[in-house]
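Q: Chains as they are written, first to last, in the UniProt record's numbering: chain X, 1 to 240; chain Y, 1 to 240; chain E, 1 to 240; chain B, 1 to 240; chain R, 1 to 240; chain W, 1 to 240.
Quick one: structure below, then a few questions.
Protein chains: 6
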Amino acid sequence: MFERPSHRKPNEMRPVRFTTHYTMHAEGSVLVEVGNTKVICTASVIEGKPKFLKDRAEGWVTAEYGLLPRATHTRCDREAAKGKQSGRTMEIQRLIGRALRAVVDRTKIDNFTIQLDCDVIQADGGTRCASISGAWVALALAIQTMLDKGQITESPIKGQVAAISAGIFEGVPVIDLDYPEDSNSETDMNFVMTDDGRFVEIQGTAEGEPFSEVEMAEMTALAKEAITQIIQLQKEAIKA
Amino acid sequence: MFERPSHRKPNEMRPVRFTTHYTMHAEGSVLVEVGNTKVICTASVIEGKPKFLKDRAEGWVTAEYGLLPRATHTRCDREAAKGKQSGRTMEIQRLIGRALRAVVDRTKIDNFTIQLDCDVIQADGGTRCASISGAWVALALAIQTMLDKGQITESPIKGQVAAISAGIFEGVPVIDLDYPEDSNSETDMNFVMTDDGRFVEIQGTAEGEPFSEVEMAEMTALAKEAITQIIQLQKEAIKA
Amino acid sequence: MFERPSHRKPNEMRPVRFTTHYTMHAEGSVLVEVGNTKVICTASVIEGKPKFLKDRAEGWVTAEYGLLPRATHTRCDREAAKGKQSGRTMEIQRLIGRALRAVVDRTKIDNFTIQLDCDVIQADGGTRCASISGAWVALALAIQTMLDKGQITESPIKGQVAAISAGIFEGVPVIDLDYPEDSNSETDMNFVMTDDGRFVEIQGTAEGEPFSEVEMAEMTALAKEAITQIIQLQKEAIKA
Amino acid sequence: MFERPSHRKPNEMRPVRFTTHYTMHAEGSVLVEVGNTKVICTASVIEGKPKFLKDRAEGWVTAEYGLLPRATHTRCDREAAKGKQSGRTMEIQRLIGRALRAVVDRTKIDNFTIQLDCDVIQADGGTRCASISGAWVALALAIQTMLDKGQITESPIKGQVAAISAGIFEGVPVIDLDYPEDSNSETDMNFVMTDDGRFVEIQGTAEGEPFSEVEMAEMTALAKEAITQIIQLQKEAIKA
Amino acid sequence: MFERPSHRKPNEMRPVRFTTHYTMHAEGSVLVEVGNTKVICTASVIEGKPKFLKDRAEGWVTAEYGLLPRATHTRCDREAAKGKQSGRTMEIQRLIGRALRAVVDRTKIDNFTIQLDCDVIQADGGTRCASISGAWVALALAIQTMLDKGQITESPIKGQVAAISAGIFEGVPVIDLDYPEDSNSETDMNFVMTDDGRFVEIQGTAEGEPFSEVEMAEMTALAKEAITQIIQLQKEAIKA
Amino acid sequence: MFERPSHRKPNEMRPVRFTTHYTMHAEGSVLVEVGNTKVICTASVIEGKPKFLKDRAEGWVTAEYGLLPRATHTRCDREAAKGKQSGRTMEIQRLIGRALRAVVDRTKIDNFTIQLDCDVIQADGGTRCASISGAWVALALAIQTMLDKGQITESPIKGQVAAISAGIFEGVPVIDLDYPEDSNSETDMNFVMTDDGRFVEIQGTAEGEPFSEVEMAEMTALAKEAITQIIQLQKEAIKA
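Put into structure tokens, the structure is as follows:
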């Protein structure tokens, strides 16, 4: 009989928890936990914007991602010590940045940069998705700080954005893979969706067997269900 | 009335051409042209394999990607001179590598590394997809060289792989965006598929509006049709 | 009348707290808090040792240090993104490594490297001292793991080591400067001491006025008193 | 009896061919072929000039050089991936830049930079010389573009510049060494000359035996003869 | 009976010699010799100051340190070739900079940067201390040059600064360790003091056994005596 | 009437002086002075050889070059701090290495590397030529050390090598340009020759007007005369 290593049902997400105001200096900060995956997300409001926007009346939203060296099962080298970020890190931080920009009207934050930092302190699969879901909360808190300080008069936030992974494990589509599942899955997909059920980003990779259109539809359905729940938890988190 | 800047129909791909044996030193080489996008793909057969495979009876397949500085409308800085590859470059070369590994049985090339190099000499949109379609041809030629030299006795190639982009341009799903279309599209998707119609990789990004499940299904249909044609052209290229 | 910004008495240290087993993958891990300064310290046990020890029957103990970008009042650039560690980071991580090596008999861990990682998630002054005090706890836990696993049969730990800062604030010697105090102090000293009251490292810098021998003696006395307390808290932490 | 590996006569250059407008984006572009050596040369016209010229009424002409990784017999590492350009690359691109600046009156292109890129797609000896001969053609085409666009009103080109190698192979001075000859020659000289028969640059290296003044005179005579031919081919190329 | 490898008495410093105007281009330059340790110190006066001082009416004083590759017993890698400065180098140059800033009133050199370069041409222990003692002489000479040229009207120098090492060798506190002594000492301390006998910097490291307060007091006494002598030699050097 | 800025006659070289055993650790060391240009050259004998020679019974000879930051009129950035060597540095150190290898029979130093370091402590034109002339002396001294120690039984030195610059200054060929002359010359040539009057390397660059064959012959004659003198001084230096 089919059993996930985590003993979860195929459509059962791990518990998601947002601890807001987790660190004291950032304009917005949150610890997001998805099962044993834990990520500190901060949003820093910085005056100024990158040069390539100098002729456009828009601000900027960007993201960086990192793993503490022993966030993982075996220690990975510190990227600062190696002197460069890996391709994986770059890929992830570009994804987070795009996801968040999709729900921000940047004309409303002209001359500001909102810098998101997602630092994984403990990894157990799904760190990029957790980062996106958490980054939105940090961003929303930072925007509130800007409004409170009078730096802006209107919220630039057009909607919510959250993310979840899905995969094919032993032939069965499942949601929210933890590390042991991810290491053994045939396909790994990441879905980034807005609160109105549309897609901001889809990334699917067949790590073993290629996957079919039917499998993809099944994973999409699982993701929609899960993201609806995360969206709700985000709402509660920023209300608190 | 809807009209693409390229005056192509929504499902009309640009002409694809493979010029095999384009350079003389590589074990496999091809110039792939997709309209005005031109990429030199070479496959180099190198003895040895990376350390992380030392305990597994498998070889390795990996890829690197580059743009000549003036492959683009305005000159982009030479990455070798800047001293690092951009996040975009890393993302693309990781994608090419994964795509090709999906159709290679690496247990049949133990102790060899096949290094794919995709160098864009002229860019007009769709360079990563053209690179994947071309890399497969270069790989197939290199495998033939290995068989001819007796380095291996059986082909490790499990199938073909090709790629194409699709997008939403002025609300209409279209295939194979060129640069002017890509710059103005709302969504940009890249499909990597095998010759049996399954997916190896899907990457979709909403650059403007998020996209719906229906739009995604339409782009998927366009991609399947286009990839079928490319797969056929690959077959002819390696026969020649 | 003299008043510290923190309203503490000159010899009053901030509350120190050790939360052991803070992350799940490392052989030893702890969150150390000194007031609002929070540092995750992990000790990773790695088989093998650096080349320069190949002819000596000793293992190695070394440390790395990092700040999350928004651990500080204003965001500091991510060192991984800049491509190099600052001089300050290097200085601190070398100090942590030396401090911990002072209490380890490395002949008892031959062929192992213990890698300490001290990552500041929130900074409010005294991060290098907190890192040393925390790193000892992480190390002790990792050694216990090694003993439990039978990797070693005898503990290499010769004693405890802890650290505290002292300074001259408005002419008065004070212990354990927080960030506002540190920014305005004339002298900043860091004391690293063992549980038998001897010195492993002393670093004193006159940031304003040079300091006298008398002032130095006073700071030393404050440090001894504080370190005695931290040593006691470490003992309790590893017992728990 | 003396026979070059290429079966050419000592004073016989390989066929030289210029294919102008080889790529579509650059203001000037050419594919230069010298036997099997093939280099794409582009000239990009960029507004602005380097800081060190800010107090002088002159523009700038500079060059970069690269090899596609598999332009060579065995694959060489991609410099962008290694994170730095080799000493050889730097030496060559500095040479190309100096050679081209020698025939440009830079006071006539003030506030412009002409960036030459020479990218070797197939190497068989003599890549630096081919690059110089091709770069002049790309430059001349780019200047024509500038005149056509009205960016300048007068051509800054003072003359033509071309380059060829010569060497001592089995004791005999020969012109235009291909790779097998170059690898086994005792001396390798590169001559850069103008259309009036004067020298812009001479670089001679004894890789085996030192060479004498007589040998040097013989190589110089061979080079003059060959460069006269290349100069003529350049003229025809830009007329086309 | 106790005997230092150098046959010096515990409180006997090596001969110190300053050769001023050692190189011809720098505004201030000196060769400082402490026994066989030889360091070229230059002070360069540069117009402008770092950005972080733009809102403060102060100039800047900073230092860099280097070792010629064969200044040492066995050749050490050239840091320029390795592409980065070691942690040791960074630590030392930060120390030199802080030491010199302690005796300069930077409000009197607004809009200037004084860049100190300390390059060790022969190392035999104590290079960082020799660098500080020499850098002060180079600085004083450069200030004189600034006064002579009318760049400033008043000297910013508030006092002298010099440095010496002390250590515990075979249980005995000794001054000014040369390389064989340093390699075998249990404790290594560096004292940086002003001409009024106060401390600018103290750095002590127990490389073997931790050290006691008594030992520290003895080393401090030795250092005060030695620094008094160096201060006197500096005075004579700049008078010459 | 023609007058060089240095008031020297066209064929008058600056005084050349070799101070052997200038530093104490290197197997061979010398300070070479050519007028005000001063370079410390050391030759380090290192066991082992680079990987690319592992299948050949030969050792290796290589060189590195550096400038102290304030060896020049205005301070140049420290390459170690910038994190990379300039193209000029790389070009020079490659030249020095080739020059010295030309006079060494490397089959006689198998399994050894001789590392030459040429560090300019004061620059006044001609630093690369001075480096080559000095490096030969350092090399010869190091070979003597190897013979004395019994590391080799036969000298690998096949001859002497020395270098000098020549140029066209105000239309007149002159030898050994100092910095003011070099900055204003139209052509700059560097000659590297052996003691039997043959060429190891010739590098000529027209910095202003291209130069003719006649001018080149005149500069060659001046160089031969000068190098004869340097060769004699080298002989005396190593005899001392």
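All C-beta atoms, glycine included, are put in the ideal place defined by N, C-alpha and C.
In chain X, which residues lie with their C-beta within 8 Å of the C-beta of Y:Pro5?
A: Within 8 Å Cβ-Cβ: nothing; Y:Pro5 doesn't reach chain X, min ~22 Å.
Q: Kindly indicate which residue of B:Ile46, B:Ser29 and B:Ile227 has the alpha-carbon position closest to the one of B:Cys129.
A: Out of B:Ile46, B:Ser29 and B:Ile227, B:Ile227 has the C-alpha closest to the C-alpha of B:Cys129.
Q: Report the residues of the segment 11-39 of chain X with a CB closer than 7 Å to any CB of chain E, ordered along the chain.
A: The residues in question are Thr23, Met24, His25, Ala26 and Asn36.
Q: At the level of alpha carbons, what is the spacing between B:Val214 and W:Gln122?
A: Distance between the alpha carbons of B:Val214 and W:Gln122 is about 37 Å.
Q: Have a look at W:Val161 and W:Ile92 and give me their C-alpha separation to the nearest angstrom.
A: Near 16 Å, if we compare the C-alpha coordinates of W:Ile92 and W:Val161.
Q: Are there three or more Cβ pairs, one per stretch, closer than 8 Å when the segment 2-17 of chain B is compared with the segment 96-113 of chain B?
A: Cβ pair count under 8 Å is below three, so no.
Q: Could you tell me the distance, in whole angstroms, from the CA atom of B:Val32 to the CA atom of X:Gly159?
A: Each residue's Cα considered, the two are about 55 Å apart.
Q: Below 8 Å on C-beta distance, what does Y:Val61 contact in chain X?
A: Simply none; closest approach about 14 Å.
Q: Any beta carbon from chain B within less than 8 Å of W:Pro210's own beta carbon?
A: Yes, because at least one Cβ of chain B sits closer than 8 Å to the Cβ of W:Pro210.
Q: Cβ closer than 9 Å: which chain X residues qualify as neighbours of E:Gln203?
A: The contacting residues do not exist; E:Gln203 stays about 22 Å from chain X at best.
Q: Between the segment 77-101 of chain E and chain R, which residues of the former have CB atoms less than 7 Å from a CB of the latter, in chain order?
A: So the close ones are Lys84, Gly87, Met90, Glu91, Arg94 and Arg98.
Q: Reducing DSSP to helix, strand and coil, say where W:Tyr65 ends up.
A: Correct three-state label for W:Tyr65: strand.
Q: Since E:Thr37 sits in a beta bridge, which residues does DSSP pair it with?
A: According to DSSP, E:Thr37 bridges with E:Val34.
Q: Select from the segment 171-199 of chain Y all residues with a C-beta closer than 7 Å to any C-beta belonging to chain X, and list them in chain order.
A: The residues in question are Thr194, Arg198 and Phe199.
Q: Pick from B:Arg98, B:Leu116, B:Gly197 and B:Gly126: whose alpha carbon is nearest that of B:Val137?
A: Selected option, being the one with the closest Cα: B:Leu116.
Q: State the beta-bridge partners of Y:Pro173 as determined by DSSP.
A: Y:Ile168.
Q: Can you list, in chain order, the stretches of the alpha helix (DSSP H) that have 4 or more residues and sit fully within the UniProt domain "Exoribonuclease phosphorolytic" (12-142) of chain Y?
A: Taking only runs of at least 4 residues, the alpha helix (DSSP H) segments lying wholly in the UniProt domain "Exoribonuclease phosphorolytic" (12-142) of chain Y are 79-82 and 87-101.
Q: From the DSSP output, read off the bridge partner residues of W:Thr205.
A: Beta-bridge pairing links W:Thr205 to B:Glu201 and W:Asp188.
Q: Which residues in the same chain have their Cβ closer than 8 Å to the Cβ of B:Phe199, if we skip the five residues on either side of it in sequence?
A: Same-chain partners within the cutoff: Phe191, Val192 and Met193.
Q: Confirm, please, whether the CB-CB distance from Y:Ala71 to Y:Ile164 is below 8 Å.
A: No. Outside cutoff.
Q: Grab the span of the alpha helix (DSSP H) containing R:Lys9 for me, first residue to last.
A: First-last for R:Lys9: undefined, no H or E at that position.
Q: Mind listing the chain W neighbours of residue 241 of chain R? Cutoff is C-beta to C-beta under 7 Å, in chain order.
A: Any question about residue 241 of chain R goes unanswered here, given that chain R covers just 1 to 240.
Q: Let me check one thing: in DSSP terms, what residues is R:Met1 bridge-paired to?
A: In DSSP, R:Met1 forms no bridge with anything.
Q: Helix, strand or coil for Y:Thr153 per DSSP?
A: DSSP places Y:Thr153 in coil when its eight states are reduced to three.
Q: Show which residues of chain Y have a CB atom less than 9 Å away from the CB atom of X:Glu213.
A: Neighbours of X:Glu213 on chain Y, chain order: Gly197, Arg198, Phe199, Ala217, Thr220 and Lys224.
Q: With H, G and I counted as helix, E and B as strand and the rest as coil, what does DSSP make of R:Ala162?
A: Here R:Ala162 sits in strand by DSSP.
Q: Tell me whether E:Ser185 is buried or exposed, calling it buried when 16 or more other Cβ atoms sit within 10 Å of its Cβ.
A: The residue in question, E:Ser185, is buried, as its Cβ has 16 or more Cβ neighbours within 10 Å.
Q: In chain W, which residues lie with their C-beta within 9 Å of the C-beta of R:Glu64?
A: Neighbours of R:Glu64 on chain W, chain order: Pro69, Arg78, Ala80 and Ala81.
Q: If you measure beta-carbon to beta-carbon, which residues of the segment 140-155 of chain R are closer than 8 Å to chain W?
A: Here the close residues number zero.
Q: Hey, how far is the Cα of E:Ala166 from the Cα of E:Ala206?
A: Rounded to the nearest angstrom, the two C-alpha atoms are 12 Å apart.
Q: Can you find the residues in the same chain that come closer than 6 Å, C-beta to C-beta, to W:Ala140, ignoring five residues on each side of it along the sequence?
A: Within the same chain, W:Ala140 has close Cβ partners Ile238.
Q: Closer than 8 Å by C-beta to R:Glu218: which residues in its own chain qualify, once you throw out the five before and the five after it? Chain order, please.
A: Pro173.
Q: Just the chain E side, please: which residues come within less than 7 Å of X:Ile121 by C-beta, in chain order?
A: In chain order: Thr23 and Ile40.
Q: What are the partner residues of E:Thr194, as DSSP defines its beta bridges?
A: Bridge partners of E:Thr194: E:Val161.
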